[in-house]
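Right, one structure below, let's go through it.
2 protein chains.
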Amino acid sequence: MLIDKLVSRIIDLDSPIVVGLDPRLDKMPQKLRDEIFFVRGKTPEAAARIFYRFNKAIIDHIYDIVPAVKPQIAMYEQLGVAGIDCYIKTVSYAKSKGLLVIGDIKRGDIATTAEAYSHGHIGKIEIEDTVHKAFDEDFITVNPYMGSDSVSPYLSDCQKYGKGIFVLVKTSNKGSKDIQDLITVDGLPIYRHVGNLVSEWGNDLIGEHGFSSVCAVVGATHPEEGTILRENMPHTFFLVPGYGAQGGTAKDLQGMYNPDKLGIIVNSSRGITEAFHSEEYKTYGEHNFAQAARDAVLAMKRDLLG
Amino acid sequence: MLIDKLVSRIIDLDSPIVVGLDPRLDKMPQKLRDEIFFVRGKTPEAAARIFYRFNKAIIDHIYDIVPAVKPQIAMYEQLGVAGIDCYIKTVSYAKSKGLLVIGDIKRGDIATTAEAYSHGHIGKIEIEDTVHKAFDEDFITVNPYMGSDSVSPYLSDCQKYGKGIFVLVKTSNKGSKDIQDLITVDGLPIYRHVGNLVSEWGNDLIGEHGFSSVCAVVGATHPEEGTILRENMPHTFFLVPGYGAQGGTAKDLQGMYNPDKLGIIVNSSRGITEAFHSEEYKTYGEHNFAQAARDAVLAMKRDLLG
């Protein structure tokens, strides 16, 4: 079970941290931008090249202290073909360094379409009698709004190829209340219903650590909801965004751990990769952006583990 | 307002039909496959090339009888970079023939990420002091699960660039009941709440035909729900999937029109593009797949308009 690999790496490294690789062009080091724009012009291809060089340096500086990275595909997809190429290369490079990759793609569609997403991202595609991999992330994030039949293709591929998914349950943003917090006639909010579905979907994919490869996304910004979800989803592993920049603190995560102090992996994106822009790491200089990222991970680790 | 252009084209052509371009490799004409695999090998690049050649022929045969096409990005994305390139070229070719393009991407994410999707798909991306377009669809489909702040970046770009979105409200698949049909304490199912949000989001984008550029996806397989939604969303235009292959009939659509017999555009994908495989169009031969598609559109038009 892939979830066992993730939990083992968290235990071995004592690091329930995933670094979000969500590059923003205006936050890239000036020297890196100048150098690549000079050669390639101010093009989407150049921007994608800058992202890749940046990601590679970040990965080289963190691969031995975190179990996973989480590239957000939107940041790449906005650049079109060159961006998708950069996303795929980032996934591949991270895996070559032993990192697990959570593709933050939040896809969701009806059965045959979900199958195409699943085959492309966590399965295999067949071209006549040949077999190919397209994206090949380890885990992907999935949107549940369209219901069980929109998720089942991913479950098949999780079984078949030893992959995993994180389903949106209670997201970190303020607007998550608009639909996810609506209370149904049985007194439960929507996110609890989704949580119950996620538990069900994961029943056949529970590994030796007691967690399923069908996981949930639960925002650090909702500590109470997270605590209730943990109580009701003992076998579900949580990906927790919203720590740091969005306001979630180490204290907010306490109720989301299980009694063994396992069960979550906490994401930080800008707080790590853009640390070199912050007051705290200013003295590093922008050429040391990757070292600043490493030290920001170590600081986050101290903060989380107390 | 872009929605006016869509409604006008529907009126002019007397054709509330959008053709879904969701190519499946095993359904492509054998001769087209053989020819391209021979030259390019059995690769994702070859598959993408086959899709593009197929789409181009379909578009050439339908651009004068339908207002829009709807490529489903998953079918392309599964092929990786080559697939995304094919998707973008398909969008561009359809637009060059005067078709409106609804990019069926069903994206949904928190604000900064939604902004990246929006800029890439319906807005513009800035690379230093230069401006580029990546996907450039006219409309895209959007998933509402993450709430208002996850949708607002698209609304800004709809205003700024004269684009539109279709938000999932009640989807055509069976599993749509799992979350969308849950009843809240005020007696309304979730899809009604989402419908109300969509109406609200669209208030500032209502055009001269009385419809907003913020539209809804409502499955043909749910005639009762569609009728209730129409009554409660008089200014919302509906994209209606689920006609034909999924079981929706012309009769099921009656309650979704407004009193002027406007307000919906009905999607058919396989029913049109794969018509040449059906019993009805078998005599055409696979080399006439595009002519079969055209005649299937005309048959659908007769069926819808009665």
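Top to bottom, those sequences are chains E and L. The working numbering puts the first residue of the first sequence at 1, with every later residue one more than the last. The working numbering puts the first residue of the second sequence at 1001, with every later residue one more than the last. Glycine is no exception: its CB is placed at the ideal position from the N, C-alpha and C atoms. This one's a predicted model, so the numbers in the text were calculated from it and none came from an experiment.
- Contact holds between the segment 1068-1087 of chain L and the segment 1043-1053 of chain L, because three or more Cβ pairs, one in each stretch, are under 8 Å apart.
- With fewer than 16 other Cβ atoms from the protein chains shown falling within 10 Å of its own Cβ, L:P1259 counts as exposed.
- Looking at the backbone, the Cα of E:F289 and that of E:A275 are separated by about 7 Å.
- The continuous stretches of beta strand (DSSP E) do not include L:A1046, which lies in the alpha helix (DSSP H) extending over residues P1044 to I1062.
- Contact check for L:T1283 and L:Q1246: beta-carbon distance about 26 Å, past the 8 Å limit, so the pair fails to qualify.
- The beta carbon of E:N196 is closer than 7 Å to none in its chain, skipping five residues each way along the sequence.
- Under a criterion of Cβ atoms nearer than 8 Å, the residues of chain E adjacent to L:N1173 are, in order, I110, A111, M146, G147, D149 and S150.
- Bounds of the alpha helix (DSSP H) holding L:S1092 are V1081 to S1096.
- Collapsing the DSSP output to three states places L:E1077 in a helix.
- Put simply, the CB of E:H61 is far from chain L, with every gap to its CB atoms at 8 Å or more.
- The beta-carbon of E:L197 is placed less than 8 Å from the nearest beta-carbon of chain L.
- DSSP lists E:V18 and E:L100 as the beta-bridge partner residues of E:A68.
- Take L:R1230, set aside five residues on each side of it, and the residues of its chain with a beta-carbon closer than 8 Å to its own are F1238, G1255, M1256, Y1257, N1258 and G1263, in chain order.
- Of the residues L:G1187, L:I1179, L:I1110 and L:F1054, the one whose Cα lies closest to the Cα of L:Y1154 is L:I1110.
- Counting along the chain, the unbroken alpha helix (DSSP H) around E:S148 starts and ends at S148 to Y161.
- The beta-carbon of L:I1010 is placed no less than 8 Å from the nearest beta-carbon of chain E.
- At least 8 Å separates the CB of E:L229 from every CB of chain L.
- Contact annotation: E:K89 and E:Y52 have beta-carbon atoms nearer than 8 Å.
- Note on geometry: alpha-carbon atoms of L:M1075 and E:D303 lie some 43 Å from one another.
- Using a CB distance cut-off of 8 Å, L:Y1117 counts as an interface residue toward chain E.
- DSSP places E:V142 inside the beta strand (DSSP E), whose first and last residues are F139 to V142.
- Around the C-beta of E:S156, fewer than 16 other C-beta atoms lie within 10 Å, and the residue is accordingly described as exposed.
- Within chain E, the C-beta atoms nearer than 7 Å to that of L:N1143 come from G108, N143 and Y145, in chain order.
- Going by DSSP, L:I1165 is part of the beta strand (DSSP E) stretching over G1164 to K1170.
- The secondary-structure analysis by DSSP pairs L:F1238 across a beta bridge with L:A1216 and L:I1264.
- By the neighbour-count definition (other C-beta atoms within 10 Å, threshold 16), L:E1225 is a buried residue.
- For the segment 240-257 of chain E, the set of residues with a beta-carbon nearer than 7 Å to any beta-carbon of chain L is empty.
- For E:R107, the three-state secondary structure derived from DSSP is strand.
- Contact of L:L1032 with chain E is not assigned, every C-beta pair being separated by 8 Å or more.
- Remark: fewer than three beta-carbon pairs, one from each stretch, lie closer than 8 Å, so the segment 1146-1153 of chain L and the segment 1182-1195 of chain L are not flagged as touching.
- Here L:L1305 is exposed, its C-beta having fewer than 16 other C-beta atoms within 10 Å.
- Only Q72, A74, M75, E77, Q78, L79, G80, V81, G83, I84, D85 and I88 from the segment 67-99 of chain E bring a Cβ to less than 8 Å from some Cβ of chain L.
- Nearest neighbour of E:G244 by Cα position, chosen from E:V214, E:S278, E:K261 and E:T227, turns out to be E:S278.
- Around the C-beta of E:V39, fewer than 16 other C-beta atoms lie within 10 Å, and the residue is accordingly described as exposed.
- Going by C-alpha positions, L:G1164 is about 20 Å away from L:S1015.
- Between E:Y191 and L:I1059, the alpha-carbon positions lie close to 42 Å from each other.
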